[in-house]
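Protein chains: 2
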Amino acid sequence: MTSDTTTEGGRRLSPGQRHEQLVAVGVEIVTTSPLDQLTADAVAERAGVSKGLVFHYFPSIRDLQAAVLRAAMEELLRALDPDPQLDPSERLKGGVAAFVRYIDQQPANYVTLSRSAGADHRLHEVFEEARERVTDLITAGIGIPDPPDGLRLALRGWIAMTEEVVLEWLIDRQVPTEQLVDYLHDALFALAAPVHHLAPAVEFPDPG
Amino acid sequence: MTSDTTTEGGRRLSPGQRHEQLVAVGVEIVTTSPLDQLTADAVAERAGVSKGLVFHYFPSIRDLQAAVLRAAMEELLRALDPDPQLDPSERLKGGVAAFVRYIDQQPANYVTLSRSAGADHRLHEVFEEARERVTDLITAGIGIPDPPDGLRLALRGWIAMTEEVVLEWLIDRQVPTEQLVDYLHDALFALAAPVHHLAPAVEFPDPG
């Protein structure tokens, strides 16, 4: 990674560094405007490089958007679990609160994204991977790192419920944020009772 | 509705009847092939009319697809609540079972639809209306016909969970259908405990 391929943008960067810089610039841009309107022009201008250079790293605008979405998802996933030392209930509540905060900061973007993701397989894959990793976070958190399929199924359901409830809540915010977070937290533990239909041997920890 | 405008298709039909016939033919076609591949040609051929006549009733293919989706949704909604005389728990279980059966019969279609609906506002509206009406069905079923916003929010969450769990279940069907239905039924009643965070005064009936 020491070969400088370009001096555009006022800095000599290796291909890896340049790739990372362009994605970071894209992530910055989409905090204030929708991802599906992200253009190579906007990234080139803010990074101080040519449009051609952006296309050299991202052959199509969809490739660029998918890379930016993936980077934004990584950021979100880190925010969801800041302290693995907490007990499962506190970790879960912190994670739900971080999710609500994240969407609250850029609601239009999340709504657009989660809807348009269905129609584009690259965006869809990023969402799918994020949901799988949230499932892993939860199963690790409740002390069942190698969960049966039925438990994963139930957790995917809870994640879908959480996304939907937060997106619907954004429309008019009739309920205080704290109540919303408490509901989603308690809902996961409430599902511990019926989950035996899907995964007979599983025991959830007490919400504490 | 007595003015016959055409004799195409071997029958003299009023505009209302013709519209209904074309939609019904579309619904037939999409039981075996994806809605997003539905064409005016296919509908014209099966209805025995000209393609021009199809476009007379549906100016764009998206209009035709949205009308067909709406008709299919009406069919599904009727199937979800065949007997309002049953008690809330039996009605809910019957509704969930009907939903699983419906998707089970044409899984590829439902998956494609629910994903592509995000990108097309007409399809999205049909899904949204269906979800609102399922919410109404449930609130009427549990004896809370004029629910507070917080309860509607919780029910929209359960509906999203149900859609996700059934779609994920379709991938490998690791759990018997009956367990799946029991889980989703019991999950709704399990959410009665935490729902006080969103709707303090609401009381769910006992699952019985």
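Residue numbers (the working numbering), protein chains in the order written: chain A, 134 to 341; chain B, 134 to 341.
Using N, Cα and C, we set each Cβ at its ideal position, and we do this for glycine too.
With the cut-off set at 8 Å, would you say A326 of chain A and A323 of chain B are in Cβ contact? yes
Determine the extent of the alpha helix (DSSP H) in which I275 of chain A is found, giving its start and end residues. I275 of chain A -> no alpha helix (DSSP H), and no H or E assigned at all.
Backbone secondary structure at G146 of chain A - three-state DSSP: Strictly speaking, residue 146 of chain A in this sequence is Leu, with Gly absent from that position. Three-state DSSP puts L146 of chain A in a strand.
Taking Cβ positions only, does E141 of chain A come closer than 8 Å to chain B? Confidence at E141 of chain A is low in this model, with a pLDDT of 49, below 50, so the placement of that residue is unreliable and no value is reported for it.
Quick check: is the beta carbon of E301 of chain A nearer than 8 Å to any beta carbon in chain B? Interface annotation, E301 of chain A: in contact with chain B, CB-CB separation under 8 Å.
Can you grab the Cα-Cα spacing for the pair A320 of chain A / D216 of chain B, in whole Å? Taking the straight line from one Cα to the other gives about 29 Å.
Going by C-alpha to C-alpha distance, which of B:T272, B:V299 and B:E297 sits closest to L286 of chain B? Cα-wise, what sits closest to L286 of chain B is B:T272.
If you draw a straight line from the C-alpha of E207 of chain A to the C-alpha of L155 of chain B, how long is it? About 48 Å.
Span separating the alpha-carbon of W302 of chain A from that of E261 of chain B: Those two C-alpha atoms are separated by around 15 Å.
Could you please give the first and the last residue of the uninterrupted alpha helix (DSSP H) stretch that includes P333 of chain B? First-last for P333 of chain B: undefined, no H or E at that position.
Closer than 7 Å by beta-carbon distance: list the chain A residues that pair up with D315 of chain B, in chain order. H330
Looking at C-beta atoms only, is the number of pairs between the segment 164 to 184 of chain A and the segment 209 to 228 of chain A that lie closer than 8 Å three or more? no
Residues of the segment 265 to 292 of chain A with Cβ closer than 9 Å to any Cβ of chain B, in chain order: P281, D282, G283, R285, L286, A287, R289, G290, W291 and I292
Between the alpha carbons of L361 of chain B and G159 of chain B, how many angstroms are there, rounded? Residue 361 of chain B cannot be examined here, being either before or after the span of chain B that is shown, 134 to 341.
So which of A:D196, A:L300 and A:T164 has the shortest CA-CA distance to H257 of chain A? A:D196
Helix, strand or coil at A200 of chain B according to DSSP, with G and I counted as helix: The three-state reading of DSSP puts A200 of chain B in helix, counting H, G and I together.
Proximity winner among A:R289, A:V163, A:T310 and A:V328, relative to A204 of chain A (alpha-carbon distances): A:V163
Does the Cβ of G149 of chain B have 16 or more other Cβ atoms within 10 Å, making it buried, or fewer, making it exposed? exposed
Once you ignore the five residues that flank V328 of chain B on each side, which residues in its own chain have a CB closer than 8 Å to its CB? G283, L284, A287, V335 and F337
Could you check what DSSP says for E141 of chain B in three-state terms: helix, strand or coil? Unreliable placement is indicated for E141 of chain B, whose pLDDT of 49 sits below 50; no coordinate value is reported for it.
Assign G181 of chain B to one of three DSSP states: helix, strand, or coil. coil
Closer than 8 Å to chain B by CB, T138 of chain A: Reliability of the predicted coordinates at T138 of chain A is poor, the pLDDT of 49 falling under 50, and the value obtained from them is presented with this limitation in mind. Not closer than 8 Å to any Cβ of chain B, the Cβ of T138 of chain A fails to qualify, so no.
How would you label Q170 of chain A, buried or exposed, when you count the other beta carbons within 10 angstroms and need 16 or more for buried? With fewer than 16 other Cβ atoms within 10 Å, it is exposed.
Could you tell me the boundaries of the alpha helix (DSSP H) in which Q312 of chain A lies? T310 to A323
Amino acids of chain B, ordered along the chain, whose beta-carbon sits closer than 7 Å to that of A348 of chain A: In the structure as shown, chain A starts at 134 and stops at 341, and residue 348 of chain A therefore has no counterpart that could be examined.
Below 8 Å on the Cβ atoms is my contact criterion, and I expect T268 of chain A with I236 of chain A to pass it. Report the Cβ-Cβ distance as a whole number of Å. That pair is no contact at about 19 Å.
Taking Cβ to Cβ, would you say R289 of chain A is nearer than 8 Å to V298 of chain B? Against a cut-off of 8 Å, the Cβ pair of V298 of chain B and R289 of chain A comes out as a contact.
Quick check: is the beta carbon of D216 of chain B nearer than 8 Å to any beta carbon in chain A? no
Quick one: which chain B residues come within Cβ less than 7 Å of Q312 of chain A? H330 and L331
Please classify H254 of chain A as buried or exposed, where buried requires at least 16 other C-beta atoms within 10 Å of its C-beta. So H254 of chain A counts as exposed.
For the candidate residues B:G276, B:P280 and B:F191, whose alpha-carbon lies nearest to that of P333 of chain B? Looking at the Cα atoms, B:P280 is the closest of the given residues.
Looking at chain B, is there any beta carbon in it that lies within less than 8 Å of the beta carbon of A263 of chain A? no
Is there a Cβ of chain B sitting closer than 8 Å to that of M206 of chain A, yes or no? No, because no Cβ of chain B sits closer than 8 Å to the Cβ of M206 of chain A.
If you measure from the beta carbon of A320 of chain B to each beta carbon in chain A, is any gap under 8 Å? yes
Check whether chain B comes within 8 Å of Q307 of chain A, counting only Cβ atoms and requiring the distance to be less than that. By this cut-off, Q307 of chain A is an interface position.
Taking the straight line between their C-alpha atoms, what separation do you get for S147 of chain B and Y190 of chain B? S147 of chain B and Y190 of chain B have their C-alpha atoms spaced approximately 12 Å apart.
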